[in-house]
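Colleague: In the working numbering, each number is its position in the sequence shown, counted from 1, plus 93.
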Amino acid sequence: MTDSPAPSAPRRAAAGPWRAWLESTGLAAFRPSGARTGGDPSGWPRPGLWPARWVAVLVVGATVLFTGLDVLAAVVGGRTTGAAGPYAGLVLQIVCDLALLFAIRAPLVVSGLMLAAGLAFTGSELVSPGLLVPSPTLTGNPLLPAATATVVFILVQLRGGRAPWLIVGALVVIAVRPWAPALDTIALGLLASAVPALAGRFVEARRQNLADLRERAERSDREQHLLAERARAQERARLASEMHDVVSHRVSLMVLQAGALEVAATDPATREAAAALRGAGVTALDELREVVGVLRAPGPGGGGGARLATSPRVGPEAGAPELDELLESSRAAGLRVRAEGLDGLADLPASVARAVHRVVQEGLTNVHKHAPGSEAAVAVRRGPDVVAVEVRNSAPAAPAPAVTDLAATGTGSGLRGLRERVELLGGTLEHGSSADGGFVVTATVPSSAVPGPVRR
Numbered sequence: 094m095t096d097s098p099a100p101s102a103p104r105r106a107a108a109g110p111w112r113a114w115l116e117s118t119g120l121a122a123f124r125p126s127g128a129r130t131g132g133d134p135s136g137w138p139r140p141g142l143w144p145a146r147w148v149a150v151l152v153v154g155a156t157v158l159f160t161g162l163d164v165l166a167a168v169v170g171g172r173t174t175g176a177a178g179p180y181a182g183l184v185l186q187i188v189c190d191l192a193l194l195f196a197i198r199a200p201l202v203v204s205g206l207m208l209a210a211g212l213a214f215t216g217s218e219l220v221s222p223g224l225l226v227p228s229p230t231l232t233g234n235p236l237l238p239a240a241t242a243t244v245v246f247i248l249v250q251l252r253g254g255r256a257p258w259l260i261v262g263a264l265v266v267i268a269v270r271p272w273a274p275a276l277d278t279i280a281l282g283l284l285a286s287a288v289p290a291l292a293g294r295f296v297e298a299r300r301q302n303l304a305d306l307r308e309r310a311e312r313s314d315r316e317q318h319l320l321a322e323r324a325r326a327q328e329r330a331r332l333a334s335e336m337h338d339v340v341s342h343r344v345s346l347m348v349l350q351a352g353a354l355e356v357a358a359t360d361p362a363t364r365e366a367a368a369a370l371r372g373a374g375v376t377a378l379d380e381l382r383e384v385v386g387v388l389r390a391p392g393p394g395g396g397g398g399a400r401l402a403t404s405p406r407v408g409p410e411a412g413a414p415e416l417d418e419l420l421e422s423s424r425a426a427g428l429r430v431r432a433e434g435l436d437g438l439a440d441l442p443a444s445v446a447r448a449v450h451r452v453v454q455e456g457l458t459n460v461h462k463h464a465p466g467s468e469a470a471v472a473v474r475r476g477p478d479v480v481a482v483e484v485r486n487s488a489p490a491a492p493a494p495a496v497t498d499l500a501a502t503g504t505g506s507g508l509r510g511l512r513e514r515v516e517l518l519g520g521t522l523e524h525g526s527s528a529d530g531g532f533v534v535t536a537t538v539p540s541s542a543v544p545g546p547v548r549r
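In structure tokens form, the structure reads like this:
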């Protein structure tokens, strides 16, 4: 359940005075009512007399029961003796019984018919005894159609306002006959009119209370979830801010010291090493700024605010990392590596190129750790909108030792961090065992991606 009201069934367009009259009488689709829910026909999923099959079974069963009882009473009991014939009252009773079929679709119309029939029965008894009611009248007979109690029970659940209670009040007056008060007449009259109305109102109030409690519980669950999400976001933002401040400070010191060493050193090899160290530190600072910057502080109204990491870029935009150097270093370490599709990555955004480099780096690192002696294959395929990179290794030619120094250092955090980095760019990462007993890491990254919030 949501906070917004459920959409009601679409109404058909008005088709002139005839359609307008049908809607005014309640025989056509009702206008949606926001104040009442219950069994309002405007909220039914499909047009018809009943909203569900079980409701149809109950209504049809009640109609058959009341019709059978009225026919049995006319056959076994007394018949009318007026000018309208011996079955005039039975015909009116059967009409009211059959009207019960329309009680849910048009409760006001059907209850009005019950009131009119009750007035007809009462008027016949007062003006022309025997015309519609067999004479003599049974003791305590409320002079209402047999289906009146059921119709009243339905009416007060489906319709709000004063109209239903005005009809109920008129039916109560007819049933208890205050002009000829009697204990049995009052008791049976209230059972046939007022008691069903109160019972229907109780059922509707209980339904509304249960719906309100269910909605309140669901709203509470949503609020708890939002509070938990907000607490996690605040904690992530705090940790990111601390990491940015502490790590960037230490790395900045390393960059400054490497720069000082580059200037002061007289040995060319030392100056070259210091320059490389300084360049690596500058790149690390820029990447730290980029990764930490995706965490946003909550802005006004709960929206995204300014990035937490607002420090300026330290060095120039880093170019695409050289995959050839990465592959050569792995070959120098004794790993057989085949590569294809490494050309054409120079014009990629730096963030995408670094993500491709990291995928290849992590894949080859895992081969070094967990599959020594196997052969690795690196494939990069660039499409119109995406870049796909795959690192695959075959099963080791000889069984690797059960425990090695490198394998013992693996914790799985490398692949988890790599997944977050790829998803940060809107891409996907998959990894798992291959059919030949090896392992494969596959990543797909949009070729024009920029860092964004990590998707969980």
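Ideal Cβ placement from N, Cα and C applies to all residues, glycine included.
Going by the beta-carbon positions, is the gap between L193 and A167 smaller than 8 angstroms?
Modeller: Their beta carbons are not under 8 angstroms apart, which means L193 does not touch A167 by this criterion.
Colleague: Return the CA-CA distance between L354 and V375, expressed in angstroms with no decimal places.
Modeller: Approximately 15 angstroms, taken between the alpha carbons.
Colleague: If I measure Cβ to Cβ from G170 and keep anything under 8 angstroms in the same chain, skipping five residues before and after, which residues do I get?
Modeller: So the list reads P227, once near-sequence residues are dropped.
Colleague: State the start and end residues of the unbroken alpha helix (DSSP H) segment that holds T174.
Modeller: T174 -> no alpha helix (DSSP H), and no H or E assigned at all.
Colleague: Nearest-angstrom Cα distance between V265 and L283?
Modeller: Taking the straight line from one Cα to the other gives about 6 angstroms.
Colleague: Tell me the residue span of the beta strand (DSSP E) that contains P539.
Modeller: Its beta strand (DSSP E) spans residues F532 to P539.
Colleague: Please report the straight-line C-alpha distance between F295 and A285, rounded to a whole angstrom.
Modeller: Going by the C-alpha atoms only, they are around 16 angstroms apart.
Colleague: Could you tell me which residues DSSP pairs with L522 in its beta bridges?
Modeller: Per DSSP, A536.
Colleague: Using DSSP with H/G/I as helix, E/B as strand and the rest coil, what is R512?
Modeller: If DSSP states are grouped into helix, strand and coil, R512 belongs with the helices.
Colleague: Figure out for me which residue from T156, V445 and E415 has the closest Cα to the Cα of A536.
Modeller: Cα-wise, what sits closest to A536 is V445.
Colleague: Can the beta-carbon of V453 be found closer than 8 angstroms to that of L419?
Modeller: Cβ distance < 8 angstroms, so V453 and L419 count as in contact.
Colleague: Could you tell me the distance, in whole angstroms, from the CA atom of T156 to the CA atom of G253?
Modeller: For T156 and G253, the distance between alpha carbons rounds to 25 angstroms.
Colleague: If I follow the unbroken beta strand (DSSP E) through R485, where does it start and stop?
Modeller: V479 to N486 is the span of the beta strand (DSSP E), which, as asked, contains R485.
Colleague: Considering only their Cβ atoms, is the gap separating A287 from V249 smaller than 8 angstroms?
Modeller: Going by C-beta atoms, V249 is not nearer than 8 angstroms to A287.
Colleague: Taking the alpha carbon of F532 as the reference point, which residue from L518, R514 and A470 has its own alpha carbon closest?
Modeller: Of the listed residues, the one whose Cα sits closest to F532 is A470.
Colleague: In terms of residue numbering, what span does the alpha helix (DSSP H) encompassing E218 cover?
Modeller: It spans P200 to V220 - the alpha helix (DSSP H) in which E218 sits, taken as one unbroken run.
Colleague: Looking at C-alpha atoms only, which residue of V188, R146 and L225 is the closest neighbour of F159?
Modeller: Closest option to F159, Cα to Cα, is V188.
Colleague: In angstroms with no decimal places, state the Cα-to-Cα distance between L274 and G233.
Modeller: First, the amino acid is wrong: residue 274 is Pro here, not Leu. Distance between the alpha carbons of P274 and G233 is about 10 angstroms.
Colleague: Pick helix, strand or coil for D529, following the three-state DSSP scheme.
Modeller: D529: coil per DSSP, three-state reduction.
Colleague: Thinking C-alpha only, which one of A268, A213 and V202 is nearest V244?
Modeller: Of A268, A213 and V202, the residue nearest in Cα terms is V202.
Colleague: How would you call R371, buried or exposed, if buried means at least 16 neighbouring beta carbons within 10 angstroms?
Modeller: When all chains shown are included, R371 counts as buried.
Colleague: Between the alpha carbons of P222 and M207, how many angstroms are there, rounded?
Modeller: Those two C-alpha atoms are separated by around 20 angstroms.
Colleague: Straight-line CA distance for R315 to V430?
Modeller: Taking the straight line from one Cα to the other gives about 51 angstroms.
Colleague: Would you please state the rounded distance, in angstroms, between the beta carbons of V479 and V449? I believe it to be under 8 angstroms.
Modeller: Wrong, their Cβ atoms sit about 11 angstroms apart, outside the cutoff.
Colleague: For S487, I'd like the list of residues in its chain whose CB is within less than 7 angstroms of its CB, leaving aside the five on either flank, ordered along the chain.
Modeller: These residues qualify, in order along the chain: S467, E468, D529 and G531.
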